[in-house]
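Protein chains: 4
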Amino acid sequence: MGIGQGIFNPSPKTKEEAVEQLVWANRILAHEAIFDAFGHVSVRNPENNSTFFIARALAPEMVTKGDILELDLEGNVLTRTLALPYQERIIHAAIFRTRPDVHSVVHAHPLPVVTLSISEAPFRIVSHPAAIFYEGVPVFDEYDFISENPSGMLIQTKEDGDRVATKLGRSMAMLMWAHGCNVVGTSIPGAIRAVIALRDNAVIQLAAQQYGQVKSLTYDQARAATGTMRGEPDRAWNAWVARVKRSMPVD
Amino acid sequence: MGIGQGIFNPSPKTKEEAVEQLVWANRILAHEAIFDAFGHVSVRNPENNSTFFIARALAPEMVTKGDILELDLEGNVLTRTLALPYQERIIHAAIFRTRPDVHSVVHAHPLPVVTLSISEAPFRIVSHPAAIFYEGVPVFDEYDFISENPSGMLIQTKEDGDRVATKLGRSMAMLMWAHGCNVVGTSIPGAIRAVIALRDNAVIQLAAQQYGQVKSLTYDQARAATGTMRGEPDRAWNAWVARVKRSMPVD
Amino acid sequence: MGIGQGIFNPSPKTKEEAVEQLVWANRILAHEAIFDAFGHVSVRNPENNSTFFIARALAPEMVTKGDILELDLEGNVLTRTLALPYQERIIHAAIFRTRPDVHSVVHAHPLPVVTLSISEAPFRIVSHPAAIFYEGVPVFDEYDFISENPSGMLIQTKEDGDRVATKLGRSMAMLMWAHGCNVVGTSIPGAIRAVIALRDNAVIQLAAQQYGQVKSLTYDQARAATGTMRGEPDRAWNAWVARVKRSMPVD
Amino acid sequence: MGIGQGIFNPSPKTKEEAVEQLVWANRILAHEAIFDAFGHVSVRNPENNSTFFIARALAPEMVTKGDILELDLEGNVLTRTLALPYQERIIHAAIFRTRPDVHSVVHAHPLPVVTLSISEAPFRIVSHPAAIFYEGVPVFDEYDFISENPSGMLIQTKEDGDRVATKLGRSMAMLMWAHGCNVVGTSIPGAIRAVIALRDNAVIQLAAQQYGQVKSLTYDQARAATGTMRGEPDRAWNAWVARVKRSMPVD
């Protein structure tokens, strides 16, 4: 039914392989409660570094292969289609344009992450999987609320996109004030693990500070901790796929 | 089985279309944990502005087309039936009477919303989807606990209903002290998105203030942010329906 | 398979009807997350006020009709069986002995309720359904930790049971320090609604006090609020049963 | 399909019986949300005290009998296989080596437990099932972040393992700073109940201290409370298995 078997693919080499993994990423992120009806995930084209794939404007849990569009790094839709793209594709395009190391981007709105974005608290690393964020997690709040046609809290122009990418810098994640987060990875499974780590770390940080001072990891500790993360991207992937097959069967 | 296919209908034009969408709204709101066994949702009659539809007194997840009643704007049941209506239909009637822009009303009791209603904290907008509440979210607490036959925490008379509608004013939502909320929309999908936004915003507001000061949106920011909300009411609707079909199959 | 159809029965008149409703109550309370693998619910024998029914020592979600035992009001098992009864049957027996108005008792350990039991905070009514607790919710902490054979945190003797029933007084619920709660009703559906109301009220109370002062209901307000609770015990019951049939199908 | 029927076995006497119970433990701990895609559980060989069983590096919910490896008490894999073992098998080996009373070890990362590990708060017993931790729950934080090849937050050498086992002492559980916990039992069902008790107790402790002072159990009270815990290991086990069969059916 246009979603494939979900067999783990450590390194998609063709468009078709990348698209199949992307379809599964949409459903996995919905099942893991990172996405609600909104949010989106993209992957760089393994055959052409200057394009990427992302679904048309659709709830992630509904995405099949036929819903995937190819876009250029300015956010233009290259696929011949009447389908509407996500407005926020600009974020994905801007990050792929400025970060050649990034092969997948997740834009999502988990409540614990929005919570952190509107608080006075700085992001702190308080859990092993979040050690990958040792470069920090900046907060973007440069929205346009006052121009004649304000973009409000959506990123809609190339200039908006550039500001987002500049704020991200070389970090693996950033928050967007009162809105959500952008999380990146060198692969789709990596980006999924990263956004789950960011969300869970936010849950732990909020809870722990209610006890008083929080014993978080320093930059050096977090960086050292990433050295022994063997990754095994298939371990989580196969469980995620099994859960989707059980709980979100395709008609 | 009396619930229809749930195909997205951007603008119901007939009684039958409105009733089918209302049946799905009942099940969706139960599945999204806005309703427990209690709570109710209504829709204005697209063929007659002075009547509306609402289920008989039944748990929302059990509602089928045969359970829908037609009521007038004073809350009288027009459908010939022995079925018992919700006592709180008075709230729906009063709002439809005073707010011609409103085509759907949700009355619900999500715990985070009840929490806010009994606190000292004012409602604050801390998430993008809640920007629609830029006119504010007033709290109703004018219950009758002391007359000879006190209505307690239920709204049962036309006068009670008028007080509720007056408190709502031109807002898109209001809280009811120690009880729940009334949320309105220009359509059923809009009212569903609004009550989810209100609930999620309450979760975020509570959590964020544990960190200290909360950086919420101003009136002007929130109003500007609604300008670029494209809506796409089908995006969430289709996912909600798919979830109900998976998890709440009709016998 | 020994559980019956779960058709709502407003007033069981025979042993068989009471036992069938009790079997469903076990599964409902497990599904509604009031019970984990532990906890128990009982019902007074409608044919004989001096006996009651309760399952043998079994996880509630596994209970079928064949697992129900008849006990007297001292907690002696009258059913001829080798099956082990719950140790805490003493609590049920003591309450049925001293409270003729009570026809069902739930003993459970929901985490928000245990939280309140070990805190400095008094129980406060902060939600409409909890208005039924206007007589207060006392906390029992008279455990025996120091005798030669300490009963620890279990209630095992008739004297222990008497102390529990005395603490309950004429309330509809009581907490047990660091352990859980006993909630009573004039019927099984009433006891289920009461324990859900107690749990949800504890969630709201904890959350709201993080904002500052909590605007809770007074004794008079809560008492007045119960006057207009029409009850409609079938409304929630039918939804609870439908959920069990969907999510906990019997093999 | 290589997982067996899950029939309760109070005391596995053979390798085969131990392995079958271990497979179920993997799935149960995943279903009970103790494990996400990571975490592991082991059991001592009932036929040979100096070896133990644990799955190959696999998400726990995917484990079948063919995935179980036999290891010695230094963490060497004895099973002839190309399969990769868990890096953290060293923790299990070290505990089995120093604690002859222990027959099962769970290593997991529940968020409430990680929260406690990074806080200033000492572990406190605030719930009946957690009374088994009366010997205390120490926190391990002796990670290597600064050697030439830092092990970061993983335990990888025999010396690391010895330090972990020393920290555990004669307790039934320990925390690992910003990482998770190790929980032990005299049997697999006992270790499962213990880790659930530890997680739930952490949820309650965090919540209760938001009210102010927490009335926790003393050492003497907790120790006395364990005396009357009859256990009935089959009661929870049969419910856990039924849940796995319903929600995680094997293909």
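Protein chains in written order, with my numbering: chain R, 80 to 330; chain P, 80 to 330; chain Z, 80 to 330; chain F, 80 to 330.
The C-beta atom is built at its ideal place from N, Cα and C for all residues, glycine as well.
Predicted model, so just to flag it, every value in this text is computed and none were measured.
Cutoff 8 Å; reference residue 230 of chain R; Cβ partners in own chain excluding five residues on either side = These residues qualify, in order along the chain: 222, 223, 236 and 239.
Please go through the same chain and pick out, in chain order, the residues whose beta-carbon is closer than 6 Å to the beta-carbon of residue 182 of chain Z, but skip the five residues on each side of it.
-> So the list reads 123, 265 and 266, once near-sequence residues are dropped.
Interface partners of residue 198 of chain Z on chain F, CB under 9 Å | Neighbours of residue 198 of chain Z on chain F, chain order: 286, 287, 288, 289, 290, 291, 292, 293 and 294.
At a Cβ cut of 7 Å, what residues of the segment 139-160 of chain F count as close to chain R, listed as they run along the chain?
-> Against chain R - using a Cβ distance shorter than 7 Å - the residues of the segment 139-160 of chain F are 140 and 141.
Counting along the chain, where does the alpha helix (DSSP H) carrying residue 148 of chain R start and finish?
-> Note, residue 148 of chain R: premise wrong, no alpha helix (DSSP H); beta strand (DSSP E) at 147-151.
Any residues in the segment 192-219 of chain Z with a beta carbon nearer than 7 Å to a beta carbon of chain P? Which ones, in chain order?
-> Listed by position along the chain: 205, 206 and 207.
Interface partners of residue 279 of chain P on chain R, CB under 8 Å = Chain R residues near residue 279 of chain P: 190.
For the candidate residues Z/261, Z/280, Z/103 and Z/220, whose alpha-carbon lies nearest to that of residue 321 of chain Z?
-> Nearest of Z/261, Z/280, Z/103 and Z/220 to residue 321 of chain Z, Cα basis: Z/103.
Output yes if chain R places a C-beta closer than 9 Å to the C-beta of residue 328 of chain F; else output no.
-> Cβ-Cβ to chain R under 9 Å: yes for residue 328 of chain F.
Count the CB pairs spanning the segment 304-317 of chain F and the segment 112-122 of chain Z that are closer than 8 Å, and state whether there are at least three.
-> Yes: at least three Cβ pairs fall under 8 Å.
Segment limits, alpha helix (DSSP H) that includes residue 297 of chain R = Careful: residue 297 of chain R lies outside any alpha helix (DSSP H) and carries neither H nor E.
Going by the beta-carbon positions, is the gap between residue 173 of chain P and residue 244 of chain P smaller than 9 Å?
-> For residue 173 of chain P and residue 244 of chain P, yes; Cβs fall inside 9 Å.
Considering only C-alpha positions, which residue in the set P/269, P/271 and P/220 is nearest to residue 259 of chain P?
-> The residue with the shortest Cα to Cα distance from residue 259 of chain P is P/220.
Buried/exposed call for residue 233 of chain Z, threshold 16 Cβ in 10 Å = Looking at its Cβ environment, which holds 16 or more other Cβ atoms inside 10 Å, residue 233 of chain Z is buried.
Using a Cβ-Cβ cut-off of less than 8 Å, give me the residues of the segment 294-321 of chain F that come near chain Z, in sequence order.
-> Correct list: 294, 295, 296, 299, 300, 303, 304, 305, 306, 307, 308, 309, 311, 314, 315, 317, 318, 319 and 321.
To the nearest angstrom, how far is it from the Cα of residue 82 of chain F to the Cα of residue 81 of chain P?
-> Roughly 42 Å separates the two Cα atoms.
Less than 9 Å separating the beta-carbons of residue 162 of chain P and residue 296 of chain P?
-> Taking 9 Å as the Cβ cut-off, residue 162 of chain P and residue 296 of chain P do not qualify as a contacting pair.
Limits of the beta strand (DSSP E) - the one that residue 143 of chain P falls within | First-last for residue 143 of chain P: undefined, no H or E at that position.
Could you name the residues that DSSP lists as bridge partners for residue 121 of chain F?
-> Answer by DSSP bridge pairing, in chain order: F/133 and F/184.
Could you give the distance in angstroms between the alpha-carbon of residue 284 of chain Z and the alpha-carbon of residue 180 of chain F?
-> If you take the alpha carbons of residue 284 of chain Z and residue 180 of chain F, they lie about 43 Å apart.
Provide the residue(s) that pair with residue 255 of chain Z in DSSP beta bridges, ordered along the chain.
-> Per DSSP, the beta-bridge partners of residue 255 of chain Z are Z/219 and Z/259.
Can you give me, in chain order, the residues of the segment 228-249 of chain Z that have a beta carbon less than 8 Å from any beta carbon in chain A?
-> Structure shown: chain A not included; protein chains present are R, P, Z and F.
Is it buried or exposed for residue 121 of chain P, if we count other Cβ within 10 angstroms and need 16 for buried?
-> By the 16-neighbour rule on beta-carbons within 10 angstroms, residue 121 of chain P is buried.
Compute the Euclidean distance between the alpha carbons of residue 319 of chain Z and residue 160 of chain R, then round it to the nearest angstrom.
-> Straight-line Cα distance between these residues: approximately 46 Å.
State the Cα-Cα distance for the pair residue 164 of chain F and residue 133 of chain F, rounded to the nearest angstrom.
-> Going by the C-alpha atoms only, they are around 8 Å apart.
Enclosing alpha helix (DSSP H) for residue 177 of chain R [first to last residue] | Counting along the chain, the alpha helix (DSSP H) containing residue 177 of chain R begins and ends at 168-177.
If I'm right that residue 203 of chain P touches residue 293 of chain P with Cβ under 8 Å, what's the distance once you round it to whole angstroms?
-> A Cβ-Cβ distance of about 6 Å is found for the pair residue 203 of chain P and residue 293 of chain P, placing them in contact under the 8 Å criterion.
Among P/169, P/129, P/92 and P/86, the one whose alpha carbon lies nearest that of residue 119 of chain P | Cα-wise, what sits closest to residue 119 of chain P is P/169.
Check the Cβ-Cβ distances between residue 112 of chain P and every residue of chain Z, and say whether any is below 9 Å.
-> Cβ-Cβ to chain Z under 9 Å: no for residue 112 of chain P.
Cβ-based neighbour list, residue 301 of chain P, same chain, cut-off 6 Å, excluding 5 preceding and 5 following | If we look at residue 301 of chain P and ignore the five residues flanking it on each side, its Cβ neighbours are 204, 210 and 213.
Buried or exposed: residue 279 of chain P, going by 16 or more other Cβ atoms within 10 Å of its Cβ?
-> That one is buried.
Would residue 224 of chain Z count as contacting chain F if we go by Cβ distances under 9 Å?
-> Closer than 9 Å: yes.
Let me know the secondary structure DSSP gives residue 329 of chain F once reduced to three states.
-> DSSP places residue 329 of chain F outside both helix and strand once states are collapsed to three, so it counts as coil.
For residue 85 of chain P and residue 268 of chain P, the rounded distance between their alpha carbons | CA-CA distance, residue 268 of chain P to residue 85 of chain P, rounds to 12 Å.
In whole angstroms, what is the alpha-carbon distance linking residue 276 of chain F and residue 111 of chain P?
-> Taking the Cα positions, residue 276 of chain F is about 29 Å away from residue 111 of chain P.
Where do the N-terminal and C-terminal ends of the alpha helix (DSSP H) with residue 111 of chain F fall, by residue?
-> Where residue 111 of chain F is concerned, there is no enclosing alpha helix (DSSP H), given that its DSSP letter is neither H nor E.
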